[in-house]
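Student: Heads up, the sequence shown is in this note's numbering, so the first residue is 100 and it goes up one at a time.
Ideal Cβ positions, reconstructed from N, Cα and C, are used throughout, including at glycine.
What follows is a single structure, and I will ask about it in a moment.
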Amino acid sequence: MNKIKKVIRADVMGFCMGVKSVMDKVETQINLDPERTLFTYGPLIHNPQVIERLESRGIVPIESPSDKSGGTVIIRAHGIHPEVRKEFVSAGYSIVEGTCPRVLHSQKIVTSHSQDGWYIVLVGDKGHGEVKSIAGCAEKCVVVLSEEDAMDLDIPEKTLVIAQTTLSGKEYGAICDILQHKNPGIKIIRSICPATKDRQTALLDLTSRVDAVIVVGGKNSANTRRLYLSALNEGVPSWHVEDEDALPSEIYEYTTVGISAGASTPDWMIERIEAKLLG
Ligand code: SF4
Numbered sequence: 100m101n102k103i104k105k106v107i108r109a110d111v112m113g114f115c116m117g118v119k120s121v122m123d124k125v126e127t128q129i130n131l132d133p134e135r136t137l138f139t140y141g142p143l144i145h146n147p148q149v150i151e152r153l154e155s156r157g158i159v160p161i162e163s164p165s166d167k168s169g170g171t172v173i174i175r176a177h178g179i180h181p182e183v184r185k186e187f188v189s190a191g192y193s194i195v196e197g198t199c200p201r202v203l204h205s206q207k208i209v210t211s212h213s214q215d216g217w218y219i220v221l222v223g224d225k226g227h228g229e230v231k232s233i234a235g236c237a238e239k240c241v242v243v244l245s246e247e248d249a250m251d252l253d254i255p256e257k258t259l260v261i262a263q264t265t266l267s268g269k270e271y272g273a274i275c276d277i278l279q280h281k282n283p284g285i286k287i288i289r290s291i292c293p294a295t296k297d298r299q300t301a302l303l304d305l306t307s308r309v310d311a312v313i314v315v316g317g318k319n320s321a322n323t324r325r326l327y328l329s330a331l332n333e334g335v336p337s338w339h340v341e342d343e344d345a346l347p348s349e350i351y352e353y354t355t356v357g358i359s360a361g362a363s364t365p366d367w368m369i370e371r372i373e374a375k376l377l378g
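Rendered as structure tokens:
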């Protein structure tokens with residue numbers, strides 16, 4: 100029997116500004132010319148259901164110009180390494196800019212400082228698309244992720260430190276403290292995007308008002324997973340699901356259920372989950 104009487108959504112959840120913007124661009128491009136061949140540079144977002152929907156409309160991810168023989172490529176919010184962008188242009192592809200304005204801003208800072216001879220310390224996950232796109236703008240750059248990495252570094256006089264936009268402020272602060280201790284003259288850029296923190300803050304508020312929490316989003320989405328772990332950490336029964344078919348039977352034993360969602364979770368999936376909970 101379904102005991103759920105009320106579903107409460109977190110005040111902030113789902114698509115962030117950068118993801119919403121690139122998804123809107125995809126729709127615009129489809130509407131401009133439904134017959135045109137459209138690609139995305141890598142998977143557009145960390146959400147398998149969205150990628151599946153795009154693929155069903157013929158929009159597939161490619162990693163290199165040689166994967167296909169031309170067309171229009173939409174750059175994802177993480178951006179693209181400048182050399183890879185040039186390769187696509189040389190191969191005759193049209194480019195639609197989908198890089199998040201915050202990532203573009205980081206790329207511009209790194210480019211201009213590199214041209215002035217600065218050494219770049221980029222704090223983030225070196226396998227992440229955004230980090231690759233920013234590191235590609237630097238002449239001399241090292242990517243670090245942990246305090247241990249930072250301790251091992253030699254820091255030249257002109258050093259600029261910048262973070263992957265989705266990093267936790269606490270981790271970035273601890274790494275900056277280590278680097279500043281080595282060289283008090285380093286320049287630190289506050290590049291962390293508030294989207295992740297805003298969703299975390301809203302989730303914590305939600306946990307105080309509900310009996311259980313469903314966090315919606317791709318299993319491959321790091322920010323969704325962090326929301327789920329935070330809810331668990333608050334001692335509230337919580338589940339991370341990708342779609343309505345994954346809702347656990349136990350959820351129907353609670354009266355008030357909260358929903359949160361990662362920055363790459365579309366509204367239509369949140370609505371499906373809510374409908375099934377109340378159904
Ligand atoms: S999390 Fe922030 S920086 Fe990243 S795509 Fe979203 S709005 Fe842009």
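(1) Could you work out which residue in Ala374, Gly334, Cys275 and Thr355 is closest to Glu343 when comparing CA atoms only?
(2) Any beta carbon of chain C sitting closer than 8 Å to that of Lys318?
(3) Let me check understanding here. Comparing Cα to Cα, which of Ser245, Gln263, Glu370 and Val202 lies closest to Asp276?
(4) In angstroms, rounded to a whole number, what distance separates the CA positions of Thr265 and Ser348?
(5) So what does DSSP say about Arg325, is it helix, strand or coil?
(6) If you measure between the beta carbons of Leu143 and Val121, is that distance less than 8 Å?
(7) In the DSSP assignment, what are the bridge partners of Val314?
(8) Going straight from the alpha carbon of Leu153 to that of Cys199, what length do you get?
(9) Quick one, which of Asp132, Ile288, Ala330 and Lys269 has its alpha-carbon nearest Ala301's?
(10) Can you give the beta carbon distance from Gln206 to Ile173, rounded, assuming they're within the 8 Å contact cut?
(11) In the structure shown, what three-state DSSP assignment does Gln269 receive?
(12) Check for me: the beta strand (DSSP E) holding Ala262 runs from which residue to which?
(13) Using CA atoms only, rank isn't needed, just tell me which of Arg289, Val260 and Gln299 is closest to Pro283.
(14) Which residue or residues does DSSP assign as beta-bridge partners of Leu137?
(15) Near ligand 1, which residues have their beta-carbon closer than 6 Å to a heavy atom?
Tutor: In this structure, then:
(1) Ranking the options by Cα distance to Glu343, first place goes to Ala374.
(2) No chain C is part of this structure, which consists of one protein chain only.
(3) Ser245
(4) Distance between the alpha carbons of Thr265 and Ser348: 33 Å.
(5) Note: Arg325 maps to helix in three-state DSSP.
(6) yes
(7) His339 and Ser359
(8) 19 Å
(9) Ala330
(10) Actually they are not in contact, since the Cβ atoms of Gln206 and Ile173 sit about 17 Å apart, beyond 8 Å.
(11) Reading off the sequence shown, one finds Lys at residue 269, where the question assumed Gln. Residue state, collapsed to three classes: helix.
(12) Thr258 to Ala262
(13) Val260
(14) Thr171
(15) Going by the Cβ distance cut-off, the answer is Cys115, Met116, Gly117, Val118, Ala176, Cys199, Arg201, Val202, Thr264, Thr265, Cys292, Ala294 and Ala362.
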